[in-house]
Structures are given as C-alpha cells and as structure tokens.
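What follows is a single structure, written as structure tokens, with notes after it.
2 protein chains.
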Amino acid sequence: MRLNNWPDLEALALLVTVSELGGVGRAARQLGISQPSASSRLRTLERRLGVPVLQRLPIGSRLTAEGQMVVDWAREVLAAADALMTGVTAMRRERGAALPVAASMTVAEYLVPGWLIALRPMEPDVTVGLQVVNSARVAELVLSGEAEVGFVEGPSLPVGLASRLVGRDRLVVVVSPRHPWARRRTPLRPRELAATPLIVREPGSGTRITFETVMARYGPLAEPLLELGSNSAVKVALASGAGPAVLSELAVGDELAEGRLVAVAPEGVDLQRKLRAVWIEGRRLDGPARSLLTLAARGAAARRPPGS
Amino acid sequence: MRLNNWPDLEALALLVTVSELGGVGRAARQLGISQPSASSRLRTLERRLGVPVLQRLPIGSRLTAEGQMVVDWAREVLAAADALMTGVTAMRRERGAALPVAASMTVAEYLVPGWLIALRPMEPDVTVGLQVVNSARVAELVLSGEAEVGFVEGPSLPVGLASRLVGRDRLVVVVSPRHPWARRRTPLRPRELAATPLIVREPGSGTRITFETVMARYGPLAEPLLELGSNSAVKVALASGAGPAVLSELAVGDELAEGRLVAVAPEGVDLQRKLRAVWIEGRRLDGPARSLLTLAARGAAARRPPGS
DNA sequence: TCAGCCTCATAGAAACATCCTATGGACCCG
DNA sequence: CGGGTCCATAGGATGTTTCTATGAGGCTGA
Chain X
2 MRLNNWPDLE ALALLVTVSE LGGVGRAARQ LGISQPSASS RLRTLERRLG
52 VPVLQRLPIG SRLTAEGQMV VDWAREVLAA ADALMTGVTA MRRERGAALP
102 VAASMTVAEY LVPGWLIALR PMEPDVTVGL QVVNSARVAE LVLSGEAEVG
152 FVEGPSLPVG LASRLVGRDR LVVVVSPRHP WARRRTPLRP RELAATPLIV
202 REPGSGTRIT FETVMARYGP LAEPLLELGS NSAVKVALAS GAGPAVLSEL
252 AVGDELAEGR LVAVAPEGVD LQRKLRAVWI EGRRLDGPAR SLLTLAARGA
302 AARRPPGS
Chain R
2 MRLNNWPDLE ALALLVTVSE LGGVGRAARQ LGISQPSASS RLRTLERRLG
52 VPVLQRLPIG SRLTAEGQMV VDWAREVLAA ADALMTGVTA MRRERGAALP
102 VAASMTVAEY LVPGWLIALR PMEPDVTVGL QVVNSARVAE LVLSGEAEVG
152 FVEGPSLPVG LASRLVGRDR LVVVVSPRHP WARRRTPLRP RELAATPLIV
202 REPGSGTRIT FETVMARYGP LAEPLLELGS NSAVKVALAS GAGPAVLSEL
252 AVGDELAEGR LVAVAPEGVD LQRKLRAVWI EGRRLDGPAR SLLTLAARGA
302 AARRPPGS
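Top to bottom, those sequences are chains X and R. Letter by letter, the first sequence follows residues 2 to 309 of the working numbering. Letter by letter, the second sequence follows residues 2 to 309 of the working numbering.
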C-alpha cells in the first residue's frame, strides 16, 4: 500500500461526468467549477495515468477506448468512496438525526451504506444517524427509543421487538490458497474445527458469538490463534498466510469469488444466520423508516439463496 | 455525483497504514514521508470526516470505533483504486512488456486487474501489458505473437489456439426495481424478449455477439432501445428507470445482490458463456504467463456454480 | 530521580496545485 | 462572415502539503 500516485477522486468524478455529459465545459458547469479549471484537472489526470483518456473535439469531448475502461473502473472507486462518506456522515450525527439507526458491525459495514445511498433519492432531506454497536446494544437502543430502527445479526431476538428479515449471511471458514486446508480432500469434521486455533473477531462481536453458539455442541473450542477487531484486519492476517479464520460471507464474498481466499465448509454445520431489522413491537413504521426497511428487505429478496 | 468533499486517497492509505503499524510516525516512515506531514494529514482527514478516528497515545495511536469502520471502508476504496491503477498501468505499456496480454472488455474490466494484483507479489519484476480489444482481435494478437496470453468470452474458439477455462459468466436481463418487469409473475418467453427493444452494448462487443447468437433461433431481434459503449454506461441508463438491458453477470453482481437491479430470467434460454484463456497451440507456457494462468484458473474453480 | 528514548503536535518557510477571470483558436451554422 | 459552440492558455490569488526544527508528554532502566 504505497502512498504515492493515487488518483485524485475529484478528478475521477470529473472524468465520469464528462463521459456522461459529453463535454468538459458542461461537466464543469454541472460540478460548479470553471471550465478552465476542469480542463486543467483533466490534463493533470491524464498525465498522471499516462494514458490519453479524452478525445477533444470542437463539438465536445469523447472518451478514448482507454478512457472508457478508466471511467468504468473509476465508477467502482467512487461508489466505494461514496459508501465510505455516507457511512461516516451517518455515524457523525449523534443527535438530531431524523432517522436514528443502530446496527451491528457486519450489517453496518457491508449493507447499511448501500441502503443509505439508495434511500437518498427517495428521501433527500432525511438525515440518518448511525450507531455501530453489538447486537445486544442495538436491542437496547431500539427499546429505549434512541434508535428508531435497528439491524442485528445472530440467533437471539429480544422480546418486545418486531423484526423483518433483511438478509441472510453465512459464516465461512476461510484460508489462504497456500494454506494446507485449501487442498484438503477429507471433509472438515466439526470436532477438528473446534480443536483448531483460529483467527477470530473480538469477543462480543456478532460473528464471534454466532460461531461459538453453533460450535458449542461439538466440544470446547481451542484458544484463538489471534483476535482482531475488524473484518478487514482478519483478512490482512489471512493474506499473509496465517491459519484458518472465521468470517462473514459478506466480508469475503469478493475474495472467494476471485480465489484469493478459499472456503472450507465444516461437514454438517449450519453457519447461516439471519440478518434482521428490528423495531419496537406494535409500533407502525412510516415515512423514512419505512422506506429504509423496504430497501433493506428488497436486498434480502435478491440475496435469498436458491435452496431456501 | 457531486465534486466536492471526496476523501483524499493518500490520507486514507495513510490511515490504513497507521492501523496496521499502530503508530503515526511508523506509518510515515513506511510511506516515505515525514512524521509531521503524516500527523497533519491525518488531522485534516479527521476534520474532513467530522469524526475522530485516532486515539493518540504516548506509545502510539489506536483506532477509535469509528476509525475501525473508516479503515474497513477505506480498504474497499483503495482496493478499487488499486485495480484502476493496475489496469491503467498495464494498458499503458504498448511495447516492451515482459508479458503482453490481450483481453476482451468484460474480462479486462472485471477480472484482469484482480489477477494482476495477485500476480504482483509472485512476480514483482514483471511488467504486464494489456490490450483491450474484442474477442476476434484477441485471437489475432495471440496468433501473431503480439500477445502471449489472451482472454476471450463467447462461444467461438479459433483454430490454432489452446485454451483453459478461467471462469463462467452469464448474461442477464436486468431492469430497475421500478420497471414493470421487476414485478411480473408470468415467465419471460424468449420470443417476447426478442421482440422487446433493449439497452445493449455496442455491436462487436462480446456481450452483444453472445446475446445475438443465443437469441437467433427465437426470431429476429427488435431494434435496440439504446446502444452504449460500456457496461457502466448501460447501468447508468438502467438507474434512471429505462427499459430492460442485457449485461454480464460480472458487471451487475453487486447491484443484483443489493436489490438495486432485478434480473428477469428468460424461460429456457441458456445465456451462460465460458471465459477462456488462450495461447498458441503447442506452446508451453512458463514463467509469469504460467503464474497468471494459474491465478486465473483458481478464480474459475471458486466461481464454478454449484450445479455444474 | 533523571537521562535517553519513544510517542505525537506545533511553528514557520518553501514548494506546489488549484482556483478563478480573461482571452485566444478552432469549428459549425445560418 | 458574424455568432454560437467547444477547449486551451495565461496570470495572479489562494490554499494545502511539504519539509526541518523544536516542544510536550510518558515509559524505562540506570
């Protein structure tokens, strides 16, 4: 992760806008900067990338073939940055949010920003506040009224709360492709898994609790190999070849799809868990809260696995 | 897509490094900048985000809970930016690349950067050159020796080329959740699909050719509603509610999972296609080319759908 | 108890990039 | 050939980042 030579997100956003509007000046106007400023920024970007991305014509500007690719990649970067900023903005509002939300870490990290981005065009004036806490505390916050909607993971559902399924998640045992388990032919027995020191999330996290609850009947768990405070810290440890880890499928979906990590399914163990929206029982949600729930549930419908 | 207030990628990379090394000064040293510079940049980042992310202690710095989230989100942003820069860097090298590669657009856009990032630690000194062209031209470039390895999509495989499966992809018919088809209960008949004007990629693209080849037997296709030059341009059109589009599943995986787009499967039509690495028949690949193929094939194994 | 070593923060000057307004060159159209 | 579009360049103001040098605080071991 070297520091230098990262592209400038504002320049990328400008380029994307140029590709949509077909002109440097038009894009500048839309983004509220002057045309020469846009022109110069795009030139700087091109120099930095080392590839011409724009074909300047007297009637506007079109992308080169390379520019096409850059724009598509840039959209991914900007989408991730938008998720970051949306999440941070929601976390910043402690008081005074029109829609206070509490979510457990995995849901907050991987799902909430997407929902908020989708919510924005539907409810442009609503400020959402986000508290990231463990599932037990989510329930407390919702019951006390400090959060209007909560999102929890894991098996238990406190009384007094109504809930709706917003997604399913599965804990997966993953190893680096270089790890011996990546090539094992014999199935992984639950007892062997229980006896193996693992890289896990910190105590109290939903991921950890779910795993320990499910594994309880297969005997005592070995001491963790390593305890880390976030999903991505676990992934970093995995990347350097360290032992098996337990993570949410949401956290490692891309890595599994691209073969950067390998999942080892323990035989006969159901590590699926439900992700639920919760609110005070009997209370009728309306307005922004209702919109948010609809969005969240829509994702659940799409994500439902074929066999269930 | 407003211009202002995007986070600074260099600052995010710095924060991620701090989280890994546990200290501002240590991170600065690793990134080759001075410690006060790092300190000031992090302060600017915090002010911009509006949330304290670091707990400064006399023995180092630890992340706050918010900082943990920010770091995890930032890793996603930086991964996307890394893919962009890796792709652009590979495209820039016209001549003199130790490993010249040609790829069709979908493969180049969604898979090649990941492979190159994974290849980097294995072959640190190898410069990869990337040409993004349509599948027919990929075959030409490989046969003429201008590319050592090629990646193609689609049904046809020219003679004289050996190939290896590196992934499967499926074309999907997608609509926005607001489109009538998102709620249709009756199955989509191939003939109705053929008769519907669609948003499609430009003629000559692998996506378009595959679709037209498969649909040929269901009667003549309606004139396209819109022809666009890149996957993400199609997605933008979809987002504003426009009619059905045909895209690669690779391009819309996230949108489907999050419910931002809805897939409508045409009844009984197999839109799956194979993604293949190709090279000159009889030639034995070794060195970096072999490593690249191994990486690509590894992804294919992980991505193989359960039923095949 | 205190020197030495670590941590991060602050100060001030130099370098750099971006911003703007104003202008110029190229093209199209009536 | 004027008037509209487009993008590029020039020049000066502004703001940010960079560096080196120094300060404040805490741990550690003599």
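C-beta atoms are modelled at their ideal positions from N, C-alpha and C, and glycine is treated no differently.
R:A258 at chain X interface by Cβ criterion, 9 Å: Cβ-Cβ to chain X under 9 Å: yes for R:A258.
Between which residues of its own chain and R:T197 is the CB-CB distance below 8 Å, once the five residues before and five after are set aside? So the qualifying residues of the chain are A223, G244 and P245.
Could you name the residues of the segment 58-87 of chain R whose beta carbon sits closer than 9 Å to any beta carbon of chain X, in the order they occur along the chain? Taking 9 Å as the cut-off between beta carbons, the residues of the segment 58-87 of chain R near chain X are L64, A66, E67, Q69, M70, V71, V72, D73, W74, A75, R76, E77, V78, L79, A80, A81, A82, D83, A84, L85 and M86, in sequence order.
Could you say which of X:T214, X:G33, X:L58 and X:E77 lies nearest to X:G155 if we only look at CA atoms? If we check each option's Cα against that of X:G155, X:T214 comes out closest.
For R:L166 and R:S206, I'd like the C-alpha separation in whole angstroms. Whole-angstrom Cα-Cα distance: 20 Å.
What residues in the segment 89-100 of chain R bring their beta carbon closer than 9 Å to a beta carbon of chain X? Those would be V89, T90, M92 and R93, in chain order.
Kindly indicate the opening and closing residues of the alpha helix (DSSP H) around R:I118. Element bounds for R:I118: V113 to M123.
Between R:N6 and chain X, is any beta-carbon pair separated by less than 9 Å? Yes, R:N6 lies at the interface with chain X (some Cβ there is under 9 Å from its Cβ).
Examine chain R for any beta-carbon lying closer than 9 Å to the beta-carbon of X:M106, and answer yes or no. By this cut-off, X:M106 is an interface position.
Closest by C-alpha distance to X:L229, when choosing among X:V247, X:P8, X:P221 and X:Y219: When each option's Cα is compared against that of X:L229, the closest is X:V247.
Below 8 Å, how does it come out for the segment 99-112 of chain X and the segment 267-276 of chain R: are there three or more Cβ pairs, yes or no? Output reads no: the segment 267-276 of chain R does not touch the segment 99-112 of chain X.
Chain-ordered residues of the segment 280-300 of chain R with a beta carbon less than 9 Å from chain X: Of all residues in the segment 280-300 of chain R, L296, A297, A298, R299 and G300 have a Cβ within less than 9 Å of some Cβ in chain X.
Environment of R:R192 [buried if 16+ CB atoms lie within 10 Å]: Burial is judged here by how many other beta carbons sit within 10 angstroms of a residue's own beta carbon; R:R192 has fewer than 16 and is exposed.
Beta strand (DSSP E) containing X:V201: first to last residue? Its beta strand (DSSP E) spans residues I200 to R202.
Backbone CA spacing between X:L314 and X:R202 [nearest angstrom]: Absent from the structure is residue 314 of chain X, since the part of chain X shown begins at 2 and ends at 309.
Candidates X:S40, X:L22, X:V279 and X:G220, of which the one nearest X:E149 by Cα: The shortest C-alpha separation from X:E149 is found at X:V279.
For R:E154, would you say it is in contact with chain X, using Cβ-to-Cβ distances shorter than 9 Å as the test? The beta carbon of R:E154 does not come within 9 Å of any beta carbon belonging to chain X, so the residue lies off that interface.
Please go through the segment 220-293 of chain X and give each complete alpha helix (DSSP H) segment of 4 or more residues, from N-terminal end onward. DSSP runs (the alpha helix (DSSP H)) wholly in the segment 220-293 of chain X: 232-240 and 250-258.
Cutoff 9 Å: X:G230 Cβ touching any chain R Cβ: Interface criterion met: the Cβ of X:G230 is under 9 Å from a Cβ in chain R.
Under 9 Å, CB to CB, which of the residues in the segment 159-193 of chain X have a partner in chain R? Correct list: P178.
Going along chain R, which residues have a C-beta under 8 Å from X:S233? Simply V72, D73 and R76.
Is R:L294 closer than 9 Å to R:L286 when the C-beta atoms are compared? It is a contact, given that the beta carbons lie within the stated cut-off.
How about X:A14: is its C-beta nearer than 9 Å to some C-beta of chain R? Residue contact check for X:A14 against chain R: a CB pair falls below 9 Å.
Grab me the residues of R:A301's own chain with a C-beta within less than 6 Å of its C-beta, minus the 5 sequence neighbours each way, in chain order. For R:A301, where only same-chain residues beyond five positions count, the Cβ hits under 6 Å are L166, V167 and G168.
Run the CB neighbour count on R:T187, radius 10 Å, all protein chains shown included, and call it buried at 16 or more, exposed below. Taking every protein chain shown into account, the CB of R:T187 has fewer than 16 other CB atoms within 10 angstroms, so this residue is exposed.
Which residues of chain R have a Cβ atom closer than 8 Å to the Cβ of X:E110, listed in chain order? Residues of chain R passing the Cβ test: M70, D73 and W74.
Does the beta carbon of X:G26 sit closer than 9 Å to a beta carbon anywhere in chain R? Interface flag for X:G26 against chain R is unset, since no Cβ pair is found closer than 9 Å.
Contact check, R:A81 vs X:E67 under 8 Å by CB: the rounded distance? Contact between R:A81 and X:E67 is ruled out by a C-beta separation of about 18 Å, above the 8 Å threshold.
Report the option in X:Q56, X:W74, X:V263 and X:L239 whose CA atom is closest to the CA atom of X:R184. Between X:R184 and the set X:Q56, X:W74, X:V263 and X:L239, the nearest pair of CA atoms involves X:V263.
Going by beta carbon distance, what residues of the same chain come within less than 8 Å of X:R57, once the five residues before and after it are set aside? If we look at X:R57 and ignore the five residues flanking it on each side, its Cβ neighbours are V25.
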